[in-house]
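Report on one structure; see the data block that follows.
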Amino acid sequence: MTRITHISTWTRWFRGRFSTTVHVRCVKATTYWEEGVVGSGSGHAPSPWYLDPSNIASIQAQKSKPQTMNSSPPLTQTALNTTPPAIYGKAASIQAQATSREDSFDIMPQPETRPISQEQLVAEVKGQYAGLVMVEAKCIDVDNKQAALAAADTGATPPKLNNEQWQALIALHRTLLHEHHDFFLASQHPSASPALRRLASKYAMPARMWRHGIHSFLELLRHRLPASLDHMLAFIYLAYSMMALLYETVPAFEDTWIECLGDLGRYRMAIEDDNIIDREVWTGVARHWYSKASDKTPTTGRLYHHLAILARPNALQQLFYYSKSLCVAVPFTSARESILTLFEPVLNSDNVHGQFRLPPLDTAFVKAHGLLFTNRDMHKFEATVKDFLGLLDNQIGRVTRKFMEQGYHIAVANNVAMLSFASNDNILMKLISQSIKDGERPDVSMEGGILDVSSQSTAYFKNAQHLSNETTEIVLQRIGDPNVLPFIHITLVFIYFMSRRPGTMSFLQATFPWVALSTMLNTLLSSYSVPGRIEDDKFPSPEKDDTRPFPEDFAMRGLLWAEEYFPEEWFTKEKIDEEEKYHERPSMTAQRKERILWLACKICSLGSWIAYDGKRFFVTTNDQDLPSRASTFASATTASTPTGT
Numbered sequence: 001m002t003r004i005t006h007i008s009t010w011t012r013w014f015r016g017r018f019s020t021t022v023h024v025r026c027v028k029a030t031t032y033w034e035e036g037v038v039g040s041g042s043g044h045a046p047s048p049w050y051l052d053p054s055n056i057a058s059i060q061a062q063k064s065k066p067q068t069m070n071s072s073p074p075l076t077q078t079a080l081n082t083t084p085p086a087i088y089g090k091a092a093s094i095q096a097q098a099t100s101r102e103d104s105f106d107i108m109p110q111p112e113t114r115p116i117s118q119e120q121l122v123a124e125v126k127g128q129y130a131g132l133v134m135v136e137a138k139c140i141d142v143d144n145k146q147a148a149l150a151a152a153d154t155g156a157t158p159p160k161l162n163n164e165q166w167q168a169l170i171a172l173h174r175t176l177l178h179e180h181h182d183f184f185l186a187s188q189h190p191s192a193s194p195a196l197r198r199l200a201s202k203y204a205m206p207a208r209m210w211r212h213g214i215h216s217f218l219e220l221l222r223h224r225l226p227a228s229l230d231h232m233l234a235f236i237y238l239a240y241s242m243m244a245l246l247y248e249t250v251p252a253f254e255d256t257w258i259e260c261l262g263d264l265g266r267y268r269m270a271i272e273d274d275n276i277i278d279r280e281v282w283t284g285v286a287r288h289w290y291s292k293a294s295d296k297t298p299t300t301g302r303l304y305h306h307l308a309i310l311a312r313p314n315a316l317q318q319l320f321y322y323s324k325s326l327c328v329a330v331p332f333t334s335a336r337e338s339i340l341t342l343f344e345p346v347l348n349s350d351n352v353h354g355q356f357r358l359p360p361l362d363t364a365f366v367k368a369h370g371l372l373f374t375n376r377d378m379h380k381f382e383a384t385v386k387d388f389l390g391l392l393d394n395q396i397g398r399v400t401r402k403f404m405e406q407g408y409h410i411a412v413a414n415n416v417a418m419l420s421f422a423s424n425d426n427i428l429m430k431l432i433s434q435s436i437k438d439g440e441r442p443d444v445s446m447e448g449g450i451l452d453v454s455s456q457s458t459a460y461f462k463n464a465q466h467l468s469n470e471t472t473e474i475v476l477q478r479i480g481d482p483n484v485l486p487f488i489h490i491t492l493v494f495i496y497f498m499s500r501r502p503g504t505m506s507f508l509q510a511t512f513p514w515v516a517l518s519t520m521l522n523t524l525l526s527s528y529s530v531p532g533r534i535e536d537d538k539f540p541s542p543e544k545d546d547t548r549p550f551p552e553d554f555a556m557r558g559l560l561w562a563e564e565y566f567p568e569e570w571f572t573k574e575k576i577d578e579e580e581k582y583h584e585r586p587s588m589t590a591q592r593k594e595r596i597l598w599l600a601c602k603i604c605s606l607g608s609w610i611a612y613d614g615k616r617f618f619v620t621t622n623d624q625d626l627p628s629r630a631s632t633f634a635s636a637t638t639a640s641t642p643t644g645t
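Counted from 1, the sequence shown has number 580 at position 580 by full-length UniProt numbering; the numbering is strictly sequential.
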């Protein structure tokens with residue numbers, strides 16, 4: 001604490017003479033060192049790498065020098081005293097007294113700042129890494145031994161640890177976290193060379209920190225709940241603080257820190273059983289970090305899987321996130337198992353009136369998708385779809401604006417279901433994959449090996465298509481209701497994507513409700529005053545500089561069939577708070593109508609399913625081959641009999 005006292009003394013001595021900047025700098029230095037003392041309970045605190053240790057040596061050298069009295073007046077005194085004494089006589093007298101007082105103190109020059117050399121930095125990083133590896137090895141050894149003991153124990157509960165043992169384990173892992181912190185600050189120092197900066201990535205340091213410093217120990221604590229609850233809470237708070245610090249100080253691995261913060265929030269939420277408010281708070285914390293991470297890497301399905309878990313008990317939102325986690329460029333295949341935790345309670349008739357009770361519409365919709373996904377009890381599918389469709393129109397009228405969100409959740413889930421949750425055996429997925437290989441608009445024949453799919457997959461597609469088209473037909477009948485526009489928007493984005501691949505539209509166009517769509521489009525067109533914009537090839541961005549994505553834009557972002565829809569910088573033009581992303585602005589209704597009409601015009605230009613003559617939309621009958629293709633495929637579907645898994 002000698003150093004702290006010395007800095008504080010400087011602050012008091014020169015408070016009246018030096019600028020506020022120097023004073024604040026001294027106070028900040030004092031605060032940092034005090035925090036370092038408090039945080040060193042484990043015997044190891046993060047080192048302040050942005051402060052050169054050589055500065056401290058230079059200060060001590062200055063202290064050892066003989067100090068002399070500075071009897072000369074300040075350099076500015078002559079200039080200041082040129083003012084006539086008649087005006088500033090009193091001020092001059094006060095200044096003279098102050099100068100007399102200052103002469104009684106020793107003046108210490110500002111410490112010299114010497115940059116750290118590259119050799120010093122390399123040596124420091126090597127030393128930090130050597131110490132880190134030793135602590136890491138100890139953590140791995142301890143965690144593995146504890147896990148082995150738990151696995152070998154045939155009893156109901158793992159072997160218990162006393163308080164001192166838990167404290168020792170926490171201290172060990174805390175030391176490893178501090179070692180990582182020091183390594184990151186040193187290797188990512190502003191003076192570090194590119195090669196030195198790459199070391200953390202080369203040796204997978206962020207992943208090692210999470211795996212050996214946090215996750216393994218959290219799992220050890222979790223398997224010993226409830227006895228380890230207090231220790232688990234303490235360690236979660238410790239790890240969360242460290243990750244938050246790294247998020248602020250080491251931006252090179254920001255994406256990793258964000259996801260780790262979300263994981264820690266989810267752990268904290270999962271172990272909170274007593275206080276529902278705390279549980280909701282930590283659910284919100286985890287959701288915030290996962291959403292932030294998904295904004296940075298929107299094609300990573302793992303993040304949507306985590307958001308699905310946090311969406312409970314909102315079944316529609318859960319199904320939306322699970323569906324999205326499987327239908328992105330980097331799907332999270334484990335979601336195919338996790339989604340069963342949503343389907344099984346609904347499919348199990350014993351729990352219909354139990355703890356898994358959902359609103360009737362949610363129950364029917366989730367059950368329909370559960371039957372599709374599991375391919376089980378398909379004789380119940382038609383009745384379940386009928387129940388859902390019978391409730392849908394009343395639901396839209398009852399919840400009003402809430403259906404804007406429910407609508408795009410339902411639309412995304414239906415579209416992903418038609419892709420068999422991005423299964424490789426799905427008809428549309430095969431055609432999409434082939435179109436990517438052959439080019440943007442391949443000439444794909446309906447016959448050939450590409451359509452060699454199982455009868456089970458064919459039946460799955462037809463059932464999913466039936467659910468989607470019937471849902472769309474009911475929504476399109478709500479003329480003049482702005483709350484259904486997000487659903488229509490997403491549906492047309494899906495059709496627009498498929499219309500650019502003629503092979504896929506061959507399986508969609510026959511049963512899609514084109515007539516109902518044209519009626520809805522003409523209603524929207526009647527109140528639209530700038531028809532030229534919807535016929536333009538350019539994406540219809542707002543004319544004013546108030547560009548902001550719609551809530552359903554964020555919902556579609558990252559999906560395979562929405563990748564080509566948005567302009568390149570559509571989501572980077574404005575920084576939007578997480579809480580405001582899904583807020584509906586009054587101006588969005590008119591913009592959404594324009595976007596829907598623009599999509600309809602683009603679809604018209606790509607095929608003969610629907611047409612636009614500059615005044616209205618109408619259904620064409622030019623495609624003479626459509627009925628035969630539809631009947632051929634339908635007969636093949638009828639002949640197939642779905643089997644159980």
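Where a beta carbon is used, it is the ideal one built from N, C-alpha and C, also for glycine.
Note that the structure is a prediction, hence the values are computed from the model and not measured.
DSSP state of L358 mapped onto helix, strand, coil: coil
L467 versus A368 - alpha carbon distance: 8 Å
Cβ neighbour criterion (16 or more within 10 Å) applied to R198: exposed
Every unbroken alpha helix (DSSP H) inside the stretch 534-605 [4 residues or more]: 551-556
Cβ shell of S291 (< 6 Å), same chain only, five flanking positions each side left out: E578
Closest Cα partner of S294 within the set S325, D278 and W514: S325
Delimiting residues of the beta strand (DSSP E) encompassing F617: F617 to V619
Sequence-distant residues of the same chain with beta carbon closer than 7 Å to L524, five excluded per side: K593, I596 and L597
Whether Y565 touches Y496 by CB criterion (8 Å): yes
Spatial distance of H189 from S201 (CA atoms): 15 Å
Reduced DSSP secondary structure (H/G/I, E/B, other) of D106: strand
Nonlocal neighbours in the same chain, by C-beta distance under 6 Å from R268, ignoring five residues either side: I236 and W282
DSSP three-state assignment for V530, whether helix, strand or coil: coil
Beta-bridge pairing of A611 - partner residues as DSSP gives them: F618
T400, DSSP secondary structure in three states: coil
M404, buried or exposed, once every other Cβ within 10 Å from all chains shown has been counted against 16: buried
Where the alpha helix (DSSP H) containing R336 begins and where it ends: A335 to S338
In DSSP terms, what T300 is bridged to: V330
Q188: CB within 7 Å of a non-hydrogen atom of the ligand COA: Looking for the ligand COA in the displayed structure turns up nothing, as the structure carries no ligands at all.
Segment limits, alpha helix (DSSP H) that includes K160: It is not in any alpha helix (DSSP H) - K160 carries neither H nor E in the DSSP assignment.
Within 8 Å, strictly: CB atoms of F332 and G301: yes
Identity of the residue in L347, V399, K386 and A383 nearest R376 by Cα: L347
CB of L161 within 8 Å of CB of E136, strictly: no
Contact set for Q406: own chain, Cβ-Cβ below 6 Å, skip 5 residues either direction: L316
Buried or exposed by the 16-neighbour rule on C-beta atoms within 10 Å, applied to V515: exposed
Whole-angstrom distance between K126 and A311, CA atom to CA atom: 44 Å
Among T297, M242, M232 and F550, nearest to E272 - alpha-carbon criterion: M232
Contact check, residue 681 vs M418, beta carbons under 8 Å: In the structure as shown, the chain starts at 1 and stops at 645, and residue 681 therefore has no counterpart that could be examined.
Residues of its chain near M588, where Cβ-Cβ distance is below 7 Å and the 5 sequence neighbours each way are ignored: F550
Beta-carbon proximity of S323 to A413, cut-off 8 Å: yes
Exposure label - H178; buried when at least 16 CB within 10 Å: buried
Neighbour-count burial assignment, F183, 16 or more Cβ in a 10 Å radius: buried
Neighbourhood of P486 by C-beta, 6 Å cutoff - its chain only, sequence neighbours within 5 removed: M404, G407, Y408 and E552
For H583, the nearest candidate out of W561, R548, G558 and L372 (CA to CA): R548
I474 and D393 closer than 8 Å at C-beta: yes
8 Å contact criterion, which V142 and L172 should meet: CB distance rounded: 7 Å
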